[in-house]
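Numbering (this note's numbering), first residue to last: 28 to 285.
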């Protein structure tokens with residue numbers, strides 16, 4: 028939730044900043060953020076005025092002081108965020124925050140674990156006044172998107188892998204993902220025996236291993252050689268019986284999401 032608030036604090040959400048945010052969070056949070064920024068909204072828990080009443084009661088803030096605060100800042104969601112004491116307890120994720128918007132008690136518990144800037148965003152989600160959207164819109168497949176991609180680089184310390192797609196006679200980098208499959212230990216053993224070059228912590232390997240990747244959407248990114256970023260991408264399988272020549276090119280992926 029804190030990372031999501033910091034991302035929104037940068038101004039109107041842009042594909043480049045959204046891609047940087049996605050690189051810092053897991054696939055569940057990335058997918059949740061993508062849905063919010065594409066226009067989906069959680070069910071409203073209560074109006075902002077009611078949230079402020081709950082906070083005032085919980086903090087024993089007199090009504091006259093609440094009114095004085097509103098004269099300085101008429102935004103009830105912001106005043107409610109500022110009246111709560113310093114955050115304490117484990118910080119909830121965006122996914123946890125959205126899933127737990129069910130009662131006044133849940134709201135106060137979650138809000139009390141967030142710093143003020145994240146509380147404001149949380150209050151807007153709880154009150155149904157969240158309006159931020161990604162510009163330009165994320166391209167969303169009709170069903171969760173998927174593709175096969177070829178492993179080209181590995182960072183064993185993550186462990187993370189970089190995956191690419193054929194484009195003409197070349198391979199273009201597509202995405203970098205954590206290696207969380209059950210057979211990751213076997214993959215890392217293969218990597219140790221097949222390193223062709225080193226770039227700091229990265230290990231280059233022959234482009235022979237094929238993987239199945241799923242994702243929730245695509246955003247354009249002119250800084251990428253592929254021209255896109257995958258939203259909520261995750262690794263689902265090491266396809267050991269597939270050959271690199273069987274991997275569809277970048278153009279096939281782009282056609283899938285248009």
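The C-beta atom is built at its ideal place from N, Cα and C for all residues, glycine as well.
Limits of the unbroken alpha helix (DSSP H) element including residue 6: The question about residue 6 has no answer, for the chain in this structure spans 28 to 285.
Buried or exposed by the 16-neighbour rule on C-beta atoms within 10 Å, applied to residue 112: exposed
Enclosing alpha helix (DSSP H) for residue 150 [first to last residue]: 143-154
Nearest neighbour of residue 59, chosen from 142, 199, 92, 31 [CA to CA]: 31
Inter-stretch contact (C-beta, 8 Å, three-pair minimum) for the region 79-95 and the region 151-162: no
Cβ of residue 283 within 9 Å of any chain B Cβ: Here chain B cannot be found, since the structure has a single protein chain.
Residue 188 (DSSP reduced to helix, strand or coil): strand
Option nearest residue 279 by Cα separation, candidates 126, 172, 178: 172
C-alpha distance - residue 63 paired with residue 143, whole-angstrom precision: 20 Å
Classification of residue 136 by the beta-carbon crowding that lies within 10 angstroms, buried from 16 upward: exposed
Minimum C-alpha distance to residue 178 - residue among 232, 119, 162: 232
Reduced DSSP secondary structure (H/G/I, E/B, other) of residue 194: strand
Status (buried if at least 16 other CB within 10 Å, exposed otherwise) for residue 100: exposed
Cβ neighbours of residue 221 in the same chain (closer than 7 Å, five flanking residues each side left out): 232, 233
Contact the region 30-49 vs the region 254-267: 3+ CB pairs below 8 Å: yes
Residue 59 beta carbon near the ligand NAP (any heavy atom closer than 8 Å): No copy of the ligand NAP appears in this structure; indeed no ligand is present at all.
Other residues of its chain near residue 54: CB distance less than 6 Å, five sequence neighbours each side excluded: 259, 261
Touch test, the region 124-133 against the region 101-111, Cβ-Cβ under 8 Å, three pairs minimum: no
Cβ-Cβ distance between residue 270 and residue 239 below 9 Å: Taking a C-beta distance under 9 Å as the contact criterion, residue 270 and residue 239 do not qualify as a contact pair.
Under 9 Å between C-beta atoms of residue 83 and residue 73: no
Residue 302 versus 43, 160, 200, residue with shortest Cα-Cα distance: Because the chain spans 28 through 285 in this model, residue 302 falls outside it and cannot be assessed.
First and last residue of the uninterrupted beta strand (DSSP E) at residue 182: 172-182
Straight-line Cα distance separating residue 131 from residue 66: 25 Å
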